[in-house]
Amino acid sequence: MHLISLSPLLIFLHLINLSTQVPDTGQRHFLAQYGEIADPTGNDYEYDHDYVEKTSEFVPTLRPRMFAASLIRSYNAEKKKHYYHTNIVDVKIHEEKGFLRDGKIGKILPLFVMEKRPMLYQVCPQLTQLFSVLEESTSATYLTTEYAEVAARIKKGWRRLTSVGFCVRSSHAGVCGARLPLMHLVGEGDNGNDFFYTSDMSEYERLNTGDQLMRGTGRGPLFMLTRNVIAGASALQKAAAMQVATRALATAAANPKAEVATKLKVTSIPGDGVGPELIYCVKDIVEGTGIPIEFEEIFLSEVHYSRSASIDEAIEAIGRNNGVALKGAIEESAVRQADHDAQGLNMQLRRRLDLFANVVHIKSMEGIKTRHQKPLDFVIVREQTEGEYSSLEHELVPGVIECLKITTEPNCARIAKFAFDYATKHGRKKVTCVHKANIMKLGDGLFLQVCKETAKRYPRIEFDQMIIDNTCMQLVNAPEQFDVMVMPNLYGNIIDNLAAGLVGGAGVVTGKSFGRDFVIFEPGSRHSFQQAMGRGIANPAAMILSAANMLEHLHLVDHGKALRKAVEDVIREGKVRTRDLGGYNSTNEFADAVIAKYTI
Amino acid sequence: RMLTRTAARLSQGLRQASSDVRRVTLIPGDGIGPEISSAVVKIFDAAKAPIDWDPVDVTPVKGKDGKMRIPPKCIELMHQNKVGLKGPLATPIGKGHRSLNLAVRLEFDLYANVRPCRSLAGHKTLYDNVDVVTIRENTEGEYSGIEHEVSKGVMQSIKLITEKASRNIANYAFEYARSQGRKMVTAVHKANIMRMSDGLFLRMCREEAAKYPDIKFKEAYLDTVCLNMVQDPSQYDVLVMPNLYGDILSDLCAGLVGGLGVTPSGNIGKDAAVFESVHGTAPDIAGQDKANPTALLLSSVMMLRYMKLNEHARKIENACFEAIAEGTCKTGDLGGTGTCTSFTNDIIARINNSD
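Here the protein sequences line up with chains A and B, keeping their order. Mapping of the first sequence onto the numbering used here: residues 361 to 960, in sequence order. Mapping of the second sequence onto the numbering used here: residues 740 to 1094, in sequence order.
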């Protein structure tokens, strides 16, 4: 069939399950029989038993059922390849080699395997079989309308089938309990136009909002491939993203031009100084690599206060974009100092979104020369909503000003718990509380006390305490001793910056501000770097790595990892370096280098 | 009794006028305190510094009101001499008395804490081009000690910034810079967050800066200074800041040059000054002749400069630096194999040789 060109983007996964039972051995047997399939035994693969059993119901109807029971990912260590396939089946089917038609078993459609990397998908030779089946089965009785149409189109001559996918929908009118696939095809027609075909438009649209698919589908596969090689989106990546997400994802509208149908939306707050340049850098990278992210930009600025969006608008925007934002540094302006009680925009944002924990990960990067030359890997957890930053100041009498530092038990408990939970989740061994309780006996005393009590609930994590002055000295002389550090607001500010200086400066360190419902990703040491504004010399690594963190948070794990690896590769190679790392390259040159190194 | 005291003062005044010998209150301290103090005394002798020591014991005694306080004799002596040299004091365990450091500071209104941090040739650290002086406001700020529990589980610590104290410290910083030939004073603050309090501090610094046009004045955020200090300390010269930031930054700078064991420190007031070593009492090595007197020695050098005895200061300081640079007799904490005595003798020998 000339119609099916072996475009490297072609993927096809398809199978029939008509069984009522799913024995393991039969499955493997089947898998081994068809196509180039990695040996799923003994390798790492995920297999959703529940799903398979649920879907193995067989309800005889006139429609042939094609559906995937679950997604298996296996890895062949020898060949160093990942294989994705859906499992099937049934011994019965296998033995009889057919699918049900009118109570009789017809042909089994084969299993296709996709190789994850590089961007070549194996096209199972049995693809042709599918279409021959479709072609053959034009008698409407046995085929759904969809397949007839598809067959017809294929017959008509789609020059190139660029994308095929199918997914499982959870219910279908007319058939009780079974899961049926819907199929959509995107192809290039004779006259060069794209066709986008779906078997059930309404279903697809519902699918788009994510809700319908997620419910009860477990690991049901959703494969939507992009035809854009450069975009590099992996179908299963998206499938994984769809599967794991538990909230309805805010996505951009599907562009019928066969773009990646769903992009996750996030808010971007460029900020002041070099912030905008860095954010645009990330946008360029996102566009150049096809990462499925779409930014909604919010202009927040204290300096340009007349043009700035209000905090409410910003919060609303973050809220509707999955609660995630990528932020540059907002400069605190001295201009509007008349209202002393007003908190700066940064503090307002943190308070309103209740971003109580700021996590800065200090990690040595290969390729950055440091004085101490030790591999560092520690985390600074900083309480971000109270403490010295409470903005409660007043003039008692002329010439005497009082500034209040507030420490509350609930906030201390919250941040302490966060620190220990974080340590547990990431396999960290020690939490150090940094304080000045010898002087501020009540304030920091409370903080220390609460940390100690929290530590008792985590017996496997070592707890240590250190006074802030000593901590600074230790950081300068022996920074490798630290693991997770937890501290109140001001000390966090100091230690964040000190530690950032140890591993290469403000241009390479990332930070995350966590709240219960919102997360903001930003460079770790928040400096707007006004001197470099508009000159294109700032190091975007911190912002790009923050974006990588954001991608991982959004469950686009592979994209995030690829992006991080690209940045690390560029820095390690050392050919493209911005000024802070000893070179003279520009921000954009760095971004280009990252795009070039990006492979997923 | 008053007569005796006046007579004593008169005779002392005469004494001072005649021989130009300054009397300094010496507080040896605890732990290694006595050893290093005697080392300093010996070195001063060798350098023929015109200093007479009045050693006192500051162990708190119970006063009339039942509170533990510094013995009144010590206070009197300080008022007389106006200059003191203090070794490390052990923090007594138990309540009912104030921290001695704090008491001394308050008694004499020692409002400026000065800590010069300079890389020592011969004691290599990761940073070899440090030459920073941190000047820290010593009386107020976050350490005013005013705290209360506003309601259950809510603590309030008060940071006090006054115009007077800020002006004093700013003025001191510029005077120090001028007298020591330093080029630049940087005010370290967080006025972006603490707009009123640090804003006031900054304003005072600016006003003073206007009076010293020969000295460059810069302002920097605390976090920026921390970030830059660990990357390139050579960009800073004199730093002036409120209490808490000063505490942290001065320890940070000390860490850059080798720790508290080699860092001098001085607490300066309007008409009195106490110079001290800021390390601990090291009870584990006390009495074993292992202690390093460098910190106290360099503090005493600061003291000499304060008293305008610059020539003696230079002599002793050079001898000390050379002794460390050459390293044959330096103590264990500096990586050498010498003892306190051998190190002291080495310095004395160099002083004698340089004459």
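Where a beta carbon is used, it is the ideal one built from N, C-alpha and C, also for glycine.
- request: Tell me, to the nearest whole angstrom, how far the beta carbon of Val-739/A is from that of Arg-788/A; I am working on the premise that it is less than 8 angstroms.
  value: 7 angstroms
- request: Just the C-alpha distance for Ala-904/B and Arg-945/B, rounded to the nearest angstrom, thanks.
  value: Roughly 14 angstroms separates the two Cα atoms.
Glu-769/A - DSSP class collapsed to helix/strand/coil: In the structure shown, Glu-769/A falls within a helical segment according to DSSP collapsed to helix, strand and coil.
task: With a cut-off of 8 angstroms on the beta carbons, I'd call Leu-709/A and Gln-744/A a contact; round off their distance for me.
output: With a Cβ gap of about 10 angstroms, Leu-709/A and Gln-744/A do not count as contacting.
- prompt: Would the beta-carbon of Ala-959/B be found less than 6 angstroms away from any heavy atom of the ligand MG?
  reply: As presented, the structure is devoid of all ligands, the ligand MG included, so that no description of it is given.
query: Tell me the DSSP bridge mates of Asn-718/A?
result: Arg-742/A and Ser-873/A
query: Within 7 angstroms (strictly less), CB to CB, does Thr-947/A reach chain B?
result: no
Closer than 7 angstroms at the beta carbon, the chain B residues around Tyr-749/A: Ile-932
Cβ neighbours of Asp-940/A in the same chain (closer than 7 angstroms, five flanking residues each side left out): Gly-865, Gly-867 and Asn-899
message: Can you confirm whether Cys-965/B, when its beta carbon is compared against all beta carbons of chain A, has any partner nearer than 7 angstroms?
response: yes
message: Once DSSP output is grouped into helix, strand and coil, what is the label at Ile-897/A?
response: Three-state result, Ile-897/A: coil.
- prompt: Is it true that the region 1025 to 1038 of chain B meets the region 891 to 898 of chain B, where meeting means three or more beta-carbon pairs spaced less than 8 angstroms apart?
  reply: no
Continuous alpha helix (DSSP H) stretch holding Leu-991/B: start and end: It spans 982 to 996 - the alpha helix (DSSP H) in which Leu-991/B sits, taken as one unbroken run.
- request: May I have the straight-line CA-CA distance separating Arg-1016/B from Gly-826/B, to the nearest angstrom?
  value: Residue identity differs from the one stated: residue 1016/B is Ser in this sequence, not Arg. Looking at the two C-alpha atoms, the distance is approximately 6 angstroms.
Residue span of the beta strand (DSSP E) that contains Ile-932/B, given as start and end: Annotation for Ile-932/B: no beta strand (DSSP E) segment contains it, and DSSP assigns it neither H nor E.
field: Unbroken stretches of the beta strand (DSSP E), 3 residues or longer, contained in the region 762 to 808 of chain A
entry: Correct list: 790 to 795.
message: Applying the 10 Å Cβ sphere with the 16-neighbour rule, what's the burial state of Asn-830/A?
response: exposed
- request: For Tyr-850/B, collect the residues of the same chain with a Cβ closer than 8 angstroms to its Cβ; drop the 5 residues on either side in sequence, then sort them by chain order.
  value: Excluding positions up to five away in sequence, the list reads Glu-876, Asn-877, Thr-878, Ala-904, Asn-907, Ile-908, Tyr-911, Ile-1007, Gly-1008 and Lys-1009.
- prompt: Given that a residue counts as buried once 16 or more other Cβ atoms are within 10 Å of its Cβ, and exposed if not, what is Arg-1044/B?
  reply: buried
- request: Identify whether Ile-771/B lies in helix, strand or coil by the three-state DSSP scheme.
  value: coil
task: For Ile-931/A, decide whether its Cβ has a neighbour in chain B, counting only Cβ atoms nearer than 7 angstroms.
output: no
message: What does the alpha-carbon distance come out to for the pair Ala-1034/B and Ser-1004/B?
response: 8 angstroms
task: Please say whether Thr-870/A and Glu-637/A have beta carbons closer to each other than 7 angstroms?
output: no
Per-residue contacts from Ile-828/A into chain B (C-beta, under 7 angstroms): Ile-987
- prompt: In three-state DSSP terms, what is Asn-1031/B?
  reply: coil
- prompt: If you draw a straight line from the C-alpha of Gln-841/A to the C-alpha of His-1051/B, how long is it?
  reply: Put simply, the backbone Cα of Gln-841/A is about 42 angstroms away from that of His-1051/B.
- prompt: Taking a cut of 7 angstroms between CB atoms, which residues from the region 888 to 907 of chain B lie near chain A?
  reply: The residues in question are Glu-888, Gly-892, Val-893, Met-894, Gln-895, Ser-896, Ile-897, Lys-898, Leu-899, Ile-900, Thr-901, Glu-902 and Lys-903.
message: Taking the alpha-carbon of Lys-623/A as reference, which of Val-879/A, Ile-645/A and Phe-655/A has the nearest alpha-carbon?
response: Phe-655/A
Coarse secondary structure for Val-1017/B, derived from DSSP in three states: Judged by DSSP in its simplified three-state form, Val-1017/B adopts coil rather than helix or strand.
- prompt: If Pro-770/A sits next to Gly-892/B, beta carbons under 8 angstroms apart, how far is it from one beta carbon to the other, in whole angstroms?
  reply: Taking a contact as a CB-CB distance under 8 angstroms, the pair Pro-770/A and Gly-892/B counts as one, their CB atoms being some 7 angstroms apart.
- prompt: Is it right to say Asn-918/A is buried, meaning 16 or more other beta carbons lie within 10 angstroms of its own, or is it exposed?
  reply: According to the sequence provided, residue 918/A is Asp. The question's Asn does not apply to it. Counting Cβ neighbours within 10 Å, Asp-918/A comes out buried, since at least 16 surround it.
- prompt: Going straight from the alpha carbon of Asp-737/A to that of Met-845/A, what length do you get?
  reply: 12 angstroms
- request: Might you give, ordered along the chain, the residues of its own chain that have their beta carbon closer than 7 angstroms to the beta carbon of Gly-803/A, omitting 5 neighbours on each side?
  value: Contacts found: Lys-765 and Thr-767.
message: Looking only at its chain, what residues have a beta carbon closer than 8 angstroms to the beta carbon of Asp-953/B, apart from the 5 residues adjacent to it on each side?
response: Arg-917
- request: Pull up the distance between the alpha-carbon of Leu-991/B and that of Met-833/A, whole angstroms please.
  value: Approximately 5 angstroms between the Cα atoms of the pair.
task: Determine contact between the region 722 to 736 of chain A and the region 657 to 668 of chain A, defined as no fewer than three beta-carbon pairs at a distance below 8 angstroms.
output: no
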